[in-house]
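Numbering of the sequence shown is given in numbering that gives the first Met the number 0, commencing with residue 0 and proceeding in unit increments.
Backbone N, C-alpha and C fix where the C-beta goes; we use that ideal spot for every residue, glycine too.
For clarity, every value in this text was computed on a predicted model and none was experimentally measured.
Please read the structure below before turning to the comments.
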Amino acid sequence: MTDVDEASRAAVRRAYAHFAEVVPALKIMLATYFGAIGDNLETALALPVAGLHVDLVRAPDQLDAIVATARRDLVVSLGVVDGRNVWRSNLAALLDQLAPMVKKLGRDRVQIAPSCSLLHVPIDIELETDLDPNLKTWLAFSVQKIKELSILGKALAGYAAEVADELALSEDAVVTRETSPEIHNANVAGRMAAIDDSMRRRRSAFTQRADVQRVAFALPMFPTTTIGSFPQTVDVRNARAAHARGALNDAQYEQLLKAETARTVQWQEDIGLDVLVHGEFERNDMVQYFAEQLLGFAFTKHGWVQSYGSRYVRPPILFGDVSQPKPMTVEWWRYAQSLTKKPVKAMLTGPVTILNWSFVRDDISRSETCRQIALAIRDEVIDLEAAGATMIQIDEAALREGLPLRKSQWRNYLDWAVDSFRVCSSAVADGTQIHTHMCYSEFNEIIDAIAAMDADVISIETSRSKMELLEAFKSYKYVNEIGPGVYDIHSPRIPAAAEIKQLIVLARQRVSDRQLWINPDCGLKTRRWEEVRPALINMVAAARELRAEP
Ligand code: GLN
Ligand code: ZN
């Protein structure tokens with residue numbers, strides 16, 4: 000349920016009136032989900048539909064108002080099993096809540112359902128033979144959720160005795176989960192309680208840090224860099240698969256990744272990029288790679304869910320308190336840095352993105368989970384700095400997509416999202432440069448949050464909009480450094496140097512030269528070397544030409 004304006008409400012009324020007129024016998028169940036119907040309730044209840052489905056997982060309090068004002072014959076579908084997350088329901092507890100509702104509405108008017116479609120959860124937990132057996136009993140995928148509904152249905156219909164075992168089992172599972180030592184880590188709790196303002200603040204303000212960094216790095220005007228990943232070639236992916244199968248041993252796999260990394264570092268140096276990356280060849284995915292090394296996460300083998308269009312992802316399951324048992328990226332960074340005198344940016348995925356691209360706990364809030372991840376990433380940042388890294392990029396690719404549907408809830412989300420970023424990024428010295436990257440470009444509405452993150456350098460997607468999207472940064476008077484993407488990596492097209500130069504000229508109209516970095520829109524992992532090579536050569540040429548101009 001999102002914010003709906005008057006014109007759209009009128010359109011909805013017209014459409015449903017039309018349905019009722021042309022197919023009067025059709026019984027429509029109007030399904031609402033992802034939160035409360037809220038200020039759309041009057042509109043919804045006035046529609047000529049037979050039933051209304053409501054999300055009682057995210058908005059359990061909305062039922063009373065609905066029951067009080069709904070037509071006496073309106074069927075209400077109670078969305079009580081979480082269709083958006085993977086946890087097993089406490090059926091006994093649900094039954095206690097549902098019984099009075101059914102009584103109030105009358106049996107004929109009640110249906111029970113998942114809170115939303117089951118598109119967002121994997122199909123069947125029984126396929127997961129490698130999961131920790133305890134954890135497995137806490138989970139319910141689509142097949143299990145449908146079973147939960149059938150058990151609830153039977154119990155509500157007066158056959159509770161027949162499903163008594165199932166009810167007890169589900170309650171047991173939930174209680175075991177609540178008290179499990181696998182979930183709760185006293186050390187994490189202590190650290191969470193100890194987060195204070197000094198942990199959310201860099202030692203000095205940006206302008207002072209920038210002075211220190213300018214001297215330390217001595218970068219040319221319009222420094223060139225990339226977003227992190229280089230092509231994940233068929234060879235790299237085959238090697239990963241062979242390693243997973245056991246056909247390549249650890250040493251062989253590492254040797255191969257090292258060779259790929261070394262070639263990529265050397266190539267970046269050869270073409271004259273100013274700030275290098277190691278290429279991320281060792282990473283299967285920007286979230287999974289970290290989740291696999293952090294405590295508190297589990298993984299499925301078959302838990303694919305649709306993300307958008309025809310893309311499928313297999314999100315990690317964040318089930319317990321999160322912590323970083325040991326450094327996750329230091330060795331690869333150290334290796335890459337050992338090969339060059341130019342700075343190699345270390346590459347991390349940020350807490351908000353790890354949160355938004357995982358299934359997360361429902362026993363603590365998202366903001367709390369996010370802060371736990373932030374502490375773990377903070378530890379990694381500290382480890383990298385101690386190892387000698389002077390530039391550290393923390394990607395927040397999914398920060399914007401996590402915005403709540405209701406605008407009134409944006410502030411709250413952005414507050415804790417920004418807070419988490421600051422917690423993970425603020426432990427470093429003034430001379431250590433924090434970069435962040437975001438995969439989108441619509442910044443107008445959230446520019447204050449972006450500024451509050453206080454990253455020294457942010458790289459964003461802008462090439463397709465011809466830099467118009469930089470307007471937000473201009474009118475906001477954004478002072479930190481910024482790399483608006485000048486090469487659209489989403490297309491196989493190779494931009495010419497002149498075209499890239501033109502984009503930089505447009506960028507210079509909106510942000511000052513002192514702020515500008517030159518980089519592609521996003522990581523290069525999906526592109527082929529044949530595309531990346533000439534494009535980056537052109538990008539470096541464009542920057543050089545501009546530097547040479549009076
Ligand atoms: N560092 C990551 C990469 O270059 C960032 C990817 C992303 O933003 N989606 O692949
Ligand atoms: Zn990106």
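Helix, strand or coil for residue i, going by three-state DSSP, please let me know.
i	result
residue 336	helix
residue 37	helix
residue 246	coil
residue 301	coil
residue 52	strand
residue 456	strand
residue 278	strand
residue 173	helix
residue 517	strand
residue 288	helix
residue 439	coil
residue 86	strand
residue 357	coil
residue 138	strand
residue 425	coil
Would you grab the beta carbon distance between residue i and residue j for me? Rounded to a whole angstrom, and I think it's under 8 Å.
i	j	result
residue 484	residue 460	5 Å
residue 313	residue 299	6 Å
residue 225	residue 172	In fact, because the Cβ distance is near 46 Å, the residues do not count as touching under 8 Å.
residue 317	residue 370	Not really, about 13 Å apart at Cβ, beyond 8 Å.
residue 531	residue 326	Not confirmed; about 29 Å, so no contact.
residue 541	residue 493	At roughly 13 Å, the Cβ-Cβ gap does not stay under 8 Å, so residue 541 and residue 493 are not in contact.
residue 518	residue 482	4 Å
residue 378	residue 348	Incorrect: roughly 14 Å between the Cβ atoms, too far for contact.
residue 535	residue 503	The pair is not a contact, with the Cβ atoms about 15 Å apart (cut-off 8 Å).
residue 396	residue 423	About 15 Å separates the two Cβ atoms, so there is no contact after all.
residue 472	residue 442	7 Å
Measure the C-alpha to C-alpha separation of residue i and residue j and round it to an integer number of angstroms.
i	j	result
residue 74	residue 107	8 Å
residue 186	residue 415	21 Å
residue 145	residue 113	8 Å
residue 322	residue 372	7 Å
residue 213	residue 221	12 Å
residue 153	residue 100	16 Å
residue 389	residue 89	49 Å
residue 36	residue 365	21 Å
residue 22	residue 51	18 Å
residue 286	residue 72	48 Å
residue 453	residue 201	9 Å
residue 139	residue 129	16 Å
residue 426	residue 198	7 Å
residue 248	residue 147	43 Å
residue 236	residue 83	31 Å
residue 60	residue 96	12 Å
residue 306	residue 119	8 Å
residue 208	residue 447	20 Å
residue 46	residue 16	7 Å
residue 352	residue 76	33 Å
residue 382	residue 122	39 Å
residue 310	residue 98	40 Å
residue 143	residue 217	59 Å
residue 126	residue 7	43 Å
residue 384	residue 261	22 Å
residue 167	residue 111	20 Å
DSSP beta-bridge partners for residue i?
i	result
residue 113	80
residue 347	393
residue 317	296
residue 28	50
residue 481	457, 515
residue 433	391
residue 223	517
residue 311	305
residue 228	278
residue 75	51, 109
Leaving out the 5 sequence neighbours to the left and right, which residues in its chain are closer than 7 Å to residue i when beta-carbon positions are compared?
i	result
residue 375	293, 321, 322, 323
residue 463	487
residue 33	0, 54, 57, 115, 404
residue 238	247, 252, 255
residue 539	223, 270, 271, 272
Using a Cβ-Cβ cut-off of 8 Å, state whether residue i counts as contacting chain D.
i	result
residue 41	Of the protein chains in this structure there is only one, and it is not chain D.
Among residues of its own chain, excluding the 5 on either side of residue i, which ones have a beta-carbon nearer than 6 Å to its beta-carbon?
i	result
residue 211	429, 430
residue 263	229, 278
residue 491	530
residue 514	480, 481
residue 26	49
residue 165	150
What does a CB cutoff of less than 8 Å around residue i pick up in its chain, not counting 5 residues either side in sequence?
i	result
residue 543	271
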